[in-house]
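Protein chains: 2
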Amino acid sequence: MSRRSGVLEFAVLGLLRESPMHGYELRKRLNTSLGVFRAFSYGSLYPCLKTLVGQGWLIEEPGSAPEDALAATLAGRRAKIVYRLTAEGKEHFEELLAQTGPDAWEDEHFGVRFAFFGQTSREVRMRVLEGRRSRLEERLAKMRASLARTRERLDDYTLELQRHGMESVEREVRWLNELIESERAGGRGASRRSHDPSESTGGLPRDRGSSRPDPSDDTTK
Amino acid sequence: MSRRSGVLEFAVLGLLRESPMHGYELRKRLNTSLGVFRAFSYGSLYPCLKTLVGQGWLIEEPGSAPEDALAATLAGRRAKIVYRLTAEGKEHFEELLAQTGPDAWEDEHFGVRFAFFGQTSREVRMRVLEGRRSRLEERLAKMRASLARTRERLDDYTLELQRHGMESVEREVRWLNELIESERAGGRGASRRSHDPSESTGGLPRDRGSSRPDPSDDTTK
DNA sequence: TTCGTCATGTAATGGGTTACATGATTAC
DNA sequence: GTAATCATGTAACCCATTACATGACGAA
Numbered sequence: 001m002s003r004r005s006g007v008l009e010f011a012v013l014g015l016l017r018e019s020p021m022h023g024y025e026l027r028k029r030l031n032t033s034l035g036v037f038r039a040f041s042y043g044s045l046y047p048c049l050k051t052l053v054g055q056g057w058l059i060e061e062p063g064s065a066p067e068d069a070l071a072a073t074l075a076g077r078r079a080k081i082v083y084r085l086t087a088e089g090k091e092h093f094e095e096l097l098a099q100t101g102p103d104a105w106e107d108e109h110f111g112v113r114f115a116f117f118g119q120t121s122r123e124v125r126m127r128v129l130e131g132r133r134s135r136l137e138e139r140l141a142k143m144r145a146s147l148a149r150t151r152e153r154l155d156d157y158t159l160e161l162q163r164h165g166m167e168s169v170e171r172e173v174r175w176l177n178e179l180i181e182s183e184r185a186g187g188r189g190a191s192r193r194s195h196d197p198s199e200s201t202g203g204l205p206r207d208r209g210s211s212r213p214d215p216s217d218d219t220t221k
Numbered sequence: 001m002s003r004r005s006g007v008l009e010f011a012v013l014g015l016l017r018e019s020p021m022h023g024y025e026l027r028k029r030l031n032t033s034l035g036v037f038r039a040f041s042y043g044s045l046y047p048c049l050k051t052l053v054g055q056g057w058l059i060e061e062p063g064s065a066p067e068d069a070l071a072a073t074l075a076g077r078r079a080k081i082v083y084r085l086t087a088e089g090k091e092h093f094e095e096l097l098a099q100t101g102p103d104a105w106e107d108e109h110f111g112v113r114f115a116f117f118g119q120t121s122r123e124v125r126m127r128v129l130e131g132r133r134s135r136l137e138e139r140l141a142k143m144r145a146s147l148a149r150t151r152e153r154l155d156d157y158t159l160e161l162q163r164h165g166m167e168s169v170e171r172e173v174r175w176l177n178e179l180i181e182s183e184r185a186g187g188r189g190a191s192r193r194s195h196d197p198s199e200s201t202g203g204l205p206r207d208r209g210s211s212r213p214d215p216s217d218d219t220t221k
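Just so you know, the sequences run in chain order L and X.
Using full-length UniProt numbering, you'd call the opening residue of the first sequence number 1 and step up by one each time.
Using full-length UniProt numbering, you'd call the opening residue of the second sequence number 1 and step up by one each time.
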C-alpha cells in the first residue's frame, strides 16, 4: 500500500511540473517522452498518484484542464481527474532534482534523470553525467577482466554476446564524453525551464541523422 | 513459493547442462557469462534450484564435483550441494531451446536465448534473430512516429535522450543483420555443444577490437 | 585470530505487471 | 449501433532484491 517507486514518482512529479494532467495522458507521456527506457501501466500509475496525493505533493482537481475548457462548462461531464503539483510537491521535486549519487546514475534512474536535465542545475548535471561515466567504466573493467579469465572456455555465441555488450557500454561512454564536453563548453546558466526560448540549454550536438521522421501508426500498437 | 522465472530457470538449466555445479559457482557464471543483461542474487537462485529439483529436472548431489575430488575424501567436509541435470531436465531444456515466439526475443529473454545459441538449432536461431529484428524495427517505427508528432514540444535533453535511444536500437538492428547474414552464409550443422573444436558455429564476425584484455580486480566488487 | 571468500539458505519487502471491472466519448 | 479509444481503478500475482542468519575454510 505504499508504492514509493523512485523512478515513477520522479517522472510523475517532473511531468506534472510542466503542466497539470490526468492519469491517462500522464501515462502516454511517460511511455513516449521518457520512452524506451521504461513503460508503466495503469496498475502502477494510479496507485502511485494516490500516494503522491496522500503526501500532499499533488492535488486532484475535477476536469478543468485547458483542453477541457469547453466541455467542462457543460453539465454532467464525467470528471476527468486532473492532477496538479502543489507547492510542497514542487519543493520536493527540486530536492530530488538536486540529488546526486548512485540513485541518480544507476541504470534504472539515469534515463529519467536525464530526461529532466532541462530543469536541473548544471553542476548537478555534470555530477550525474560523470557519475554514470565512471560507473560504466568500472563495469567495463570488470567485463574485460572476466573476459580475460574465461575467454577460452566460452563458445562463439557467448563471446559475441559479451563483445556486443561491451561495445554497447563503450558507446555509451563515448556519448557521455560528448555530453560532458558540451556541458563544459556551453558555459551558460543554471537553466530552469528550457522551454524558455531565450536560453538554449547547453551545446548539445544534434542532428547527426538517424531520426528521419517517418509518419506511421499511432503510439499504442 | 513457486519461483518459476523463465529467464533464471532457463539459464540454470543451460549452465547445468554443460556441467554440474553448486549454487555459488552457478551464480558467478550467471553474472559473468550471461553478464551485463541480468544479475541474480542468492535470494532468487536457491529457491529456483529448489523448485527445479521439485520438478525432477535437477538432482542434488553431495559434493563430488571434480575440483572437490581431494577434499571430498576427507571426513566431515561440509557437503557442497552439487546440482546435476536429470534426463527429464535435459529433455525439458531441449523443448525450451526449440521455442520461438515473443518469449524468445523480447528484451528480458533474448540475451539468455542468445547465450545458449551454441546448443540451438540453426533454424531456431534464425527465427529468433529475425523475430527480434522485426520487433526492434516495429519499435523504431513507433519512436519515429512519436518523435515526428512531438518534436517541437520537447526540450533539448529529452530530444537528445530519444535520439540516443533510437540510435541504440538502430545499432542493434545492424548487429542482428550481420548475425543473420552470418547464419545464412555459414551453412553448417545444427550444432550441438560448440565446445567441440571440430565445428565453428557460424561465421561470426569477431575481433573488431574493443576487448583489449586488462587484468584487474575480481568479479565481485 | 581475524579477515576474506566460499557456501547455503530464509523472511520481508519492493516495485512492478496482468487481468479484470466499469463506463463515457468519439468516429464511422 | 458498434467499435475504438479515452478514462479510472482494483486484486492477484510475479519476479526479484535486501537484509539477515549461519557457518566452514584458508591465509595473513
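C-beta: ideal position from N, C-alpha, C; glycine also.
Since the model is a prediction, treat every value here as computed from it, not as a measurement.
Apply the 10 Å Cβ neighbour rule to residue i and answer buried if 16 or more other Cβ atoms are within range, or exposed otherwise.
i, result
"R133 (chain L)", "buried"
"S146 (chain X)", "buried"
"A104 (chain X)", "buried"
"E183 (chain L)", "buried"
"A11 (chain L)", "buried"
"R125 (chain L)", "buried"
"G43 (chain X)", "exposed"
"G118 (chain L)", "buried"
What separation, rounded to the nearest whole angstrom, lies between the Cα atoms of residue i and residue j?
i, j, result
"Y83 (chain X)", "K90 (chain X)", "13 Å"
"S191 (chain L)", "A185 (chain L)", "Only weak support exists for where S191 (chain L) lies, its pLDDT of 48 falling under 50; the value from the coordinates is given anyway. Whole-angstrom Cα-Cα distance: 15 Å."
"E167 (chain L)", "R27 (chain X)", "24 Å"
"E9 (chain X)", "D156 (chain X)", "42 Å"
"A148 (chain L)", "T32 (chain X)", "12 Å"
"V128 (chain L)", "L16 (chain X)", "40 Å"
"Q162 (chain X)", "R135 (chain L)", "22 Å"
"L159 (chain L)", "R174 (chain L)", "22 Å"
"L49 (chain L)", "E123 (chain X)", "47 Å"
"G111 (chain X)", "L34 (chain X)", "7 Å"
"Y46 (chain X)", "G23 (chain X)", "7 Å"
"S41 (chain L)", "K80 (chain X)", "43 Å"
"R171 (chain L)", "G165 (chain X)", "12 Å"
"E130 (chain L)", "F93 (chain X)", "43 Å"
"E106 (chain X)", "T51 (chain L)", "32 Å"
Could you tell me which of the options sits nearest to residue i, measuring between CA atoms?
i, options, result
"V169 (chain L)", "L:L140, L:L154, L:G6", "L:L140"
"F114 (chain L)", "L:S146, L:I180, L:Q55", "L:I180"
"T120 (chain X)", "X:E138, X:T100, X:E137", "X:T100"
"M143 (chain L)", "X:A98, X:F37, X:E25", "X:F37"
"E60 (chain L)", "L:L34, L:E25, L:P20, L:A87", "L:P20"
"V53 (chain X)", "X:Y24, X:R29, X:T86, X:P62", "X:T86"
"E88 (chain L)", "L:L13, L:L176, L:G6, L:V7", "L:L13"
"T150 (chain X)", "L:G6, L:R29, L:E18, L:E137", "L:R29"
"E95 (chain L)", "L:W57, L:A39, L:E108", "L:W57"
"R153 (chain X)", "L:E18, L:E137, L:A39", "L:E18"
"V7 (chain L)", "L:E178, L:F116, L:L176", "L:F116"
"E137 (chain X)", "X:E108, X:A98, X:N177", "X:N177"
Looking at chain X, is there any beta carbon in it that lies within less than 9 Å of the beta carbon of residue i?
i, result
"T201 (chain L)", "A caution first: T201 (chain L) carries a pLDDT of 47, below 50, which makes its placement in the model too unreliable to give a value."
"G118 (chain L)", "yes"
"S134 (chain L)", "no"
"R38 (chain L)", "no"
"A190 (chain L)", "The predicted position of A190 (chain L) is uncertain, since its pLDDT is 44 and thus under 50; no value can be drawn from it."
"Y83 (chain L)", "no"
"A11 (chain L)", "no"
"S121 (chain L)", "no"
"R171 (chain L)", "yes"
Comparing the C-beta of residue i with each C-beta of chain L, is any distance below 9 Å?
i, result
"residue 228 (chain X)", "As displayed, chain X neither begins before 1 nor continues past 221, which places residue 228 (chain X) out of reach and without an answer."
"S168 (chain X)", "yes"
"G111 (chain X)", "yes"
"L30 (chain X)", "no"
"H164 (chain X)", "yes"
"R127 (chain X)", "no"
"M21 (chain X)", "no"
For residue i, list the residues DSSP reports as bridge partners.
i, result
"M21 (chain L)", "L:Y83"
"I59 (chain L)", "L:R84"
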